[in-house]
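All remarks here apply to the structure that follows.
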Amino acid sequence: MPLRSPTRGATSFWTIFLGVFLLDVASKRMAVAYFSPAHVPHDIVGDFLRFTLAYNQGGAMSLSLGPSSRWWFTVLALGTLVVLGWLYRQTPPHDRVQLTALALVCGGAVGNLVDRIRWGRGVVDFIDIGLGSHRFFTFNVADVGVTLGTVLLTWSLTRRAARDGEAAKAGTNPLHRGEAL
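Printed below as a string of C-alpha cells:
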C-alpha cells in the first residue's frame, strides 16, 4: 500500500487530535483549580457523576509497575505514538473512520504523556462515575479519547481485514477502486 500524502486527509486528523488534546489540557487545569484537594468528591449529576481530583502515577486503571512506573509508561506511550504515526502514514486519505480513530487515540495519548512528563504527582484524573460505593476508575478526557479511538480503530482494522480477505478471494483490491473502508 502506498504511503499517504501528508496533506490529504490531514485536516480532519489534526482538528480531532488538537480538539481532544486541548479539551483534555483545559479540563485538567479546571479540575486542579476547582476540585482540590484530591479525593474530595463534587457531585455533578447526583451520585452518578462526580468530579473527584486524583493523580494517577500508574497506567490505565492505576496499573502500577513499581517506583519507576512514570518512566515505563512514558516510554510505552512514546513507543505507541511511533506505531500510531506509522499507521497514520499507511492510512488511505479517504479512510475517515481510521483517521478519526487514530486522532482520538493520539490526542489522548499526548494529553496523558504531557501530564506524566510535567507532573511528578502523576496524570490528572477527575471524572468519577458510579452509584454509591460502586465506582468505576477515575479517568479524564484523554482516557475517553484513547478508549473510543481504540474501539473505533479495532473495528476499522477488523473491517479492513475482512474486506481485504474478500477482495483476495475475488482477486480484487478495494483500495485500487478508491473505496473507503
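All residue numbers for the sequence shown refer to this note's numbering, where the first residue is 219 and numbers rise by one. Virtual Cβ for every residue (Gly too), placed ideally from N, Cα, C. All values reported here derive from a predicted model rather than from experimental measurement.
Asked: Is the stretch 241–248 close to the stretch 312–319, with three or more CB pairs under 8 Å?; Found: no
Asked: Applying the 10 Å Cβ sphere with the 16-neighbour rule, what's the burial state of Val341?; Found: buried
Asked: From this set, Asn330, Gly350, Gly367, Ser230, which residue's C-alpha is nearest Arg339's C-alpha?; Found: Asn330
Asked: DSSP three-state label for Asn274, please.; Found: strand
Asked: Among residues of its own chain, excluding the 5 on either side of Ala360, which ones have a beta-carbon nearer than 6 Å to its beta-carbon?; Found: Asp242, Gly326, Gly329, Asn330
Asked: Apply the 10 Å Cβ neighbour rule to Ala380 and answer buried if 16 or more other Cβ atoms are within range, or exposed otherwise.; Found: exposed
Asked: Would you identify the three-state DSSP class for Arg378, choosing helix, strand or coil?; Found: helix
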